[in-house]
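A.B. asks: In this note's numbering, each residue carries its 1-based index in the sequence shown increased by 99.
Each residue gets a CB set at the ideal place from its N, CA and C atoms; glycine is no exception.
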Amino acid sequence: LSELIPIRYRERSDGAIDVFTGSDYLILAGTSQNLELRTDTDRGVVVSEVYLSQTQSNISRTGGELKGIIEGRDDILGGFVDQLDTYASNLIFEFNKIHSSGEGTAGFEQLTSASRALDPSATLNSEQSGLPFQANHGSFQIKVTNKTTGITNTVTVNVDLDGIGGDTTLNSLSASINGVANLNSSVSTDGRLSISADSDYEFRFSNDTSGALAAIGINTLFTGGDSSDIGINSVVSQNQQFLATGQGGGPSDGSNAVLLASFSENPIDSLGGISLDDYYEKIVSNLAQSSASEGALAEGAQTFRDSLLSQREQFSGVSIDEETINVLTYQRAFQSAARLVSTIDELFTILLNI
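#1: Over the uninterrupted alpha helix (DSSP H) stretch that includes V58, give me the two end residues.
#2: Looking at the structure shown, is I331 part of a helix, part of a strand, or coil, going by DSSP?
#3: With a threshold of 6 Å on Cβ separation, who are the neighbours of T255 within its own chain once the five nearest residues in sequence on each side are excluded?
#4: Note the first and the last residue of the continuous alpha helix (DSSP H) segment covering E170.
#5: Alpha carbon to alpha carbon, how far is L370 from G163? Give it in angstroms, no decimals.
#6: Going by C-alpha distance, which of I104, K381, F192, G399 is nearest G330?
#7: Report the rounded CA-to-CA distance for G264 versus S152, giving the unit in angstroms.
#8: Measuring straight from C-alpha to C-alpha, what distance separates T154 and D123?
#9: Tell me the rounded alpha-carbon separation between N365 and G177.
#10: How do the stretch 190-205 and the stretch 266-277 stand: do at least 3 beta-carbon pairs fall below 8 Å, yes or no?
#11: Could you tell me how far apart the beta carbons of S295 and Q209 are, in whole angstroms, since I believe they sit closer than 8 Å?
#12: Tell me, which residues are paired with V256 by DSSP?
#13: Apply the 10 Å Cβ neighbour rule to T319 and answer buried if 16 or more other Cβ atoms are within range, or exposed otherwise.
#14: Considering only residues of the same chain and omitting the five flanking positions on each side of R107, which have a CB-CB separation below 6 Å?
#15: Which residue's Cα is closest to the Cα of N281: I158, Y300, A221, V335?
#16: Can you find the residues in the same chain that come closer than 6 Å, C-beta to C-beta, to T138, ignoring five residues on each side of it along the sequence?
#17: Cα separation between H236 and A387?
#18: Is the Cβ-Cβ distance between N332 and S200 less than 8 Å?
#19: Give the straight-line distance between the Cα atoms of G323 and S384, rounded to the nearest whole angstrom.
#20: Can you find the residues in the same chain that come closer than 6 Å, C-beta to C-beta, to S156, ignoring five residues on each side of it along the sequence?
#21: Report all residues from its chain with a CB closer than 7 Å to the CB of G345; omit the five preceding and five following residues, and keep chain order.
#22: For R291 versus T211, is the C-beta distance shorter than 8 Å?
#23: For a quick check, are the C-beta atoms of L269 and S228 less than 8 Å apart?
#24: If you follow the alpha helix (DSSP H) that Q182 is part of, which residue opens it and which one closes it?
#25: Taking buried to mean at least 16 other C-beta atoms within 10 Å of its own C-beta, is G316 buried or exposed?
#26: Given L136, which residues of its chain have a CB within under 7 Å of its CB, disregarding the five upstream and five downstream residues?
#27: Quick check: L230 and A213, are their CB atoms within less than 8 Å of each other?
#28: Determine the extent of the beta strand (DSSP E) in which I116 is found, giving its start and end residues.
#29: Count the other CB atoms, across all protein chains shown, that sit within 10 Å of the CB of V426; report buried if there are 16 or more and exposed otherwise.
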């Protein structure tokens, strides 16, 4: 137990032993506490902590091997999980910003956002909205096409997020889209934006400078907010015609696919101006360096521990064979001394009788 957590003990006058860890007791006057394992969720992963059953104290980080394991999980591995989340989050948003401004070979007749707002009345770039990503001040275009005549009506939808007043919310964005001819829009009870076209009409999106479409999950490829929940939008996975490879140039247009292929080379402000590719290389490099460093530290600590154990054995270790030999040596020496004393006693007796 002393290897897992730091403990100290005290012997009572009646011979009983009290055992403590930190300011808490494990055994005290015949009363004991059990160790309980409790689980929680951290970064989307189930983690465990060790508590005392009576005082409810968390002893996972008090010291010993247990503290090392917990710190390795939370601080070292957790740090790399944070970096992976940052990578996945930027991959999702940056890719979707390009994808949401492109067009597939088919238009939408009905579409529901992949992300939902916890508060549809909150501005799109606020934490209160609950969206995984924040939109910016800008606009996007909706192209509504009559499938019979082929006539397309392009409407610009403004996303007001300048912070001056009357900023765009999911509700107000839905109202703006609902005002476009031959389109209907609403926000569901679970905070998702739903858009549908009138009969014989379809719609597409383009030129989103606000990132609003990517933020709410309209015309996107990826879903989720980080590495714990990243996925593929079912709209695209069920119909590849909605993969936005073009920008309105027809079935042979692959201009948006070119942008998507090279998006990871573009500098990203949230990453300090480096590209997603560079950030990935940074993660791999840091992982290799940290792994080598921690391995060297572990090896050094093991060598030091072995040295201390060896020294302790030299001072306090007991060899049964060695002690047996010593006992036999002392026994023979005693026997020799006894014979000598007996001989001297006999000599004195003889001398006294002369």
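C.D. replies: Looking at the atomic coordinates:
#1: The displayed coordinates of the chain run from 100 to 453. Any statement about residue 58 would go beyond what the structure contains.
#2: What you label residue 331 is simply residue 232 of the sequence shown in a count that begins at 1. Strand at I331.
#3: As a first step, residue 255 is located in the sequence shown; it is residue number 156 there, counting from the start. Once the five neighbours on either side are set aside, the close Cβ partners of T255 are S238, Q240.
#4: One-based indexing of the sequence shown puts residue 170 at position 71. DSSP places E170 inside the alpha helix (DSSP H), whose first and last residues are 163-170.
#5: Residue numbering aside, residue 163 sits at position 64 when the sequence shown is read from its first letter. Residue numbering aside, residue 370 sits at position 271 when the sequence shown is read from its first letter. Answer to the nearest angstrom: the Cα atoms are 37 Å apart.
#6: On the sequence shown, residue 330 is found 231 positions in, with the first residue counted as 1. Nearest C-alpha to G330: F192.
#7: The residue labelled residue 264 in the question sits at position 165 within the sequence shown. The residue labelled residue 152 in the question sits at position 53 within the sequence shown. Distance between G264 and S152, taken at the CA atoms: about 53 Å.
#8: Residue numbering aside, residue 154 sits at position 55 when the sequence shown is read from its first letter. Residue numbering aside, residue 123 sits at position 24 when the sequence shown is read from its first letter. Roughly 8 Å separates the two Cα atoms.
#9: One-based indexing of the sequence shown puts residue 365 at position 266. One-based indexing of the sequence shown puts residue 177 at position 78. Whole-angstrom Cα-Cα distance: 27 Å.
#10: In short, these stretches do not touch, since the Cβ pair count stays below three.
#11: Here residue 295 refers to the residue found at position 196 when the sequence shown is read from its first residue. Here residue 209 refers to the residue found at position 110 when the sequence shown is read from its first residue. S295 to Q209, Cβ: 4 Å. Contact.
#12: Locating residue 256 in the sequence shown gives position 157, where the first residue counts as 1. Per DSSP, F239.
#13: Locating residue 319 in the sequence shown gives position 220, where the first residue counts as 1. T319 should be labelled buried.
#14: In the sequence shown, counting from the first residue as 1, residue 107 sits at position 8. Cβ within range, chain order: F119.
#15: What you label residue 281 is simply residue 182 of the sequence shown in a count that begins at 1. Check the Cα spacing between N281 and each of I158, Y300, A221, V335: the tightest is with Y300.
#16: For this step, residue 138 is matched to residue 39 along the sequence shown. Cβ neighbours of T138 beyond the five flanking positions: V145, S147.
#17: Numbered from its first residue, the sequence shown carries residue 236 at position 137. Numbered from its first residue, the sequence shown carries residue 387 at position 288. In a straight line, the C-alpha of H236 is about 40 Å away from that of A387.
#18: Locating residue 332 in the sequence shown gives position 233, where the first residue counts as 1. Locating residue 200 in the sequence shown gives position 101, where the first residue counts as 1. Contact: no.
#19: Taking the sequence shown and counting its residues from 1, the one referred to as residue 323 is at position 224. Taking the sequence shown and counting its residues from 1, the one referred to as residue 384 is at position 285. Going from the Cα of G323 to the Cα of S384 covers about 26 Å.
#20: Locating residue 156 in the sequence shown gives position 57, where the first residue counts as 1. Counting only Cβ-Cβ distances below 6 Å, and skipping sequence neighbours, we find D123.
#21: One-based indexing of the sequence shown puts residue 345 at position 246. Short of 7 Å from the beta carbon of G345, and not among the five residues preceding or following it, lie these beta carbons of its own chain, in chain order: G201, E202, D352, G353, S354, N355.
#22: Translated into the one-based positions of the sequence shown, residue 291 becomes position 192. Translated into the one-based positions of the sequence shown, residue 211 becomes position 112. Yes, they are a contact pair.
#23: Along the sequence shown, one-based indexing puts residue 269 at 170. Along the sequence shown, one-based indexing puts residue 228 at 129. Against a cut-off of 8 Å, the Cβ pair of S228 and L269 comes out as a contact.
#24: Against the sequence shown, residue 182 aligns to sequence position 83. Unbroken alpha helix (DSSP H) run through Q182: 177-199.
#25: The residue given as residue 316 occupies position 217 in the sequence shown. Here G316 is buried, its C-beta having at least 16 other C-beta atoms within 10 Å.
#26: Along the sequence shown, one-based indexing puts residue 136 at 37. Apart from the 5 residues on each side of it in sequence, L136 sits with its Cβ closer than 7 Å to the Cβ of S147, V149 in its chain, given in chain order.
#27: Here residue 230 refers to the residue found at position 131 when the sequence shown is read from its first residue. Here residue 213 refers to the residue found at position 114 when the sequence shown is read from its first residue. Cβ atoms of L230 and A213: not closer than 8 Å.
#28: By one-based count along the sequence shown, residue 116 stands at place 17. Unbroken beta strand (DSSP E) run through I116: 116-120.
#29: Here residue 426 corresponds to residue number 327 of the sequence shown, with the count starting at 1. With fewer than 16 Cβ atoms within 10 Å of its Cβ, V426 is classed as exposed.
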